[in-house]
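**Q** Numbering-wise, the sequence shown is residues 23 to 194 according to our numbering.
All C-beta atoms, glycine included, are put in the ideal place defined by N, C-alpha and C.
Source: prediction; values computed, not measured.
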Amino acid sequence: SAPAVAVVPLRQRAGELARKPLTAEKVRVFVTALGTWIQRDRLYPQWSRISVENLGSVLHAATALTTESPLVSLVVSPGGLAANGETISAVRGGEVGRKFAALLAERNVGTLSLENGIDARELSAFVREMCAPPQPAVATADPWTRLVEREHLAHLDIGHQRGTTRDDGAAL
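(1) Return yes when the Cβ of Pro92 is within less than 9 Å of the Cβ of Glu137, no when it is not.
(2) How should Ala124 be labelled, buried or exposed, when 16 other C-beta atoms within 10 angstroms of its C-beta is the threshold for buried?
(3) Is it right to say Ala161 is buried, meaning 16 or more other beta carbons lie within 10 angstroms of its own, or is it exposed?
(4) Would you kindly report the start and end of the unbroken beta strand (DSSP E) that includes Glu151?
(5) Return helix, strand or coil for Gly101, following the three-state DSSP convention.
(6) Starting from Leu56, trace the alpha helix (DSSP H) in both directions and tell me its first and last residue.
(7) Could you have a look at Leu175 and say whether DSSP puts it in helix, strand or coil?
(8) Pull up the distance between the alpha-carbon of Pro165 and that of His182, whole angstroms please.
(9) Nearest-angstrom Cα distance between Pro67 and Gln61?
(10) Would His82 be called buried (16 or more neighbouring beta carbons within 10 Å of its own) or exposed?
(11) For Ser73, write down the residues that DSSP places opposite it in a beta bridge.
(12) Starting from the Cα of Val131, find the closest Cα among Ala86, Val94, Met152 and give me that residue.
(13) Tell me, please, which residues DSSP counts as bridged to Val94.
(14) Let me check one thing: in DSSP terms, what residues is Ile180 bridge-paired to?
(15) Under 8 Å by Cβ, that's how I've got Val94 and Ser135 pegged, so tell me the actual separation to the nearest angstrom.
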């Protein structure tokens, strides 16, 4: 049998990849498709047909983004969402970006990075985790690092949001 190929996590290779400016419309299409998939699966987990349709849309949008830039980093910021360092403005889909940033922040996702070559399995693992009930915090590692390691996600990385507070001032 062939030896197992070790998966090198994206966060260990991210410095080697170029982040290029992204077309705002492609970012909007991706975050809309991914956000819709997460919200629908939370509401209707039993409707697997819809999940398959959403997966196709998200994979197509992810491929379009990562064709434009080998590494795409979406970062939750106080102003909403930044894509490869550029804040998504209201003129170019800012409301969509703010809604997606809020969706990520609900589960303490600070960054979502994807690389050219991302596949359906990796996207599905992320959405499953976003839709699962939150688990009690474990001090040794954030849940997103555990997901990346457990699922061997080579083209997707999720950074835990740290040091943030809710609107009422309580620590998250």
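**A** For this structure:
(1) Walking along the sequence shown from the start, residue 137 turns up at place 115. Walking along the sequence shown from the start, residue 92 turns up at place 70. Yes, Cβ-Cβ distance for Glu137 and Pro92 is below 9 Å.
(2) Against the sequence shown, residue 124 aligns to sequence position 102. Looking at its Cβ environment, which holds fewer than 16 other Cβ atoms inside 10 Å, Ala124 is exposed.
(3) Walking along the sequence shown from the start, residue 161 turns up at place 139. At Ala161, the pLDDT of 48 sits below 50, so the modelled position is not reliable; the number obtained from the coordinates is stated separately. The residue is exposed, with fewer than 16 neighbouring Cβ atoms inside 10 Å.
(4) Here residue 151 refers to the residue found at position 129 when the sequence shown is read from its first residue. Counting along the chain, Glu151 falls outside any beta strand (DSSP E), though it belongs to the alpha helix (DSSP H) covering 142–153.
(5) For this step, residue 101 is matched to residue 79 along the sequence shown. The answer is coil: DSSP assigns Gly101 none of H, G, I, E or B.
(6) By one-based count along the sequence shown, residue 56 stands at place 34. Where Leu56 is concerned, the enclosing alpha helix (DSSP H) stretches over 46–65.
(7) Residue numbering aside, residue 175 sits at position 153 when the sequence shown is read from its first letter. Here Leu175 sits in coil by DSSP.
(8) Indexing the sequence shown from 1 puts residue 165 at position 143. Indexing the sequence shown from 1 puts residue 182 at position 160. Using only the alpha carbons, I get a separation of about 8 Å.
(9) Reading the sequence shown from its first residue, position 45 is the one you call residue 67. Reading the sequence shown from its first residue, position 39 is the one you call residue 61. Their backbone Cα atoms lie some 10 Å apart in a straight line.
(10) Here the question's residue 82 lines up with position 60 in the sequence shown. Exposed: under 16 other Cβ atoms inside 10 Å.
(11) Indexing the sequence shown from 1 puts residue 73 at position 51. According to DSSP, Ser73 bridges with nothing at all.
(12) To locate residue 131, count along the sequence shown from 1; it is residue 109. Cα-wise, what sits closest to Val131 is Met152.
(13) Your numbering for residue 94 matches position 72 in the sequence shown. Answer is Leu136.
(14) Counting from one through the sequence shown, the residue named residue 180 turns up at place 158. Answer is Leu134.
(15) To locate residue 94, count along the sequence shown from 1; it is residue 72. To locate residue 135, count along the sequence shown from 1; it is residue 113. 7 Å between Cβ atoms; contact.
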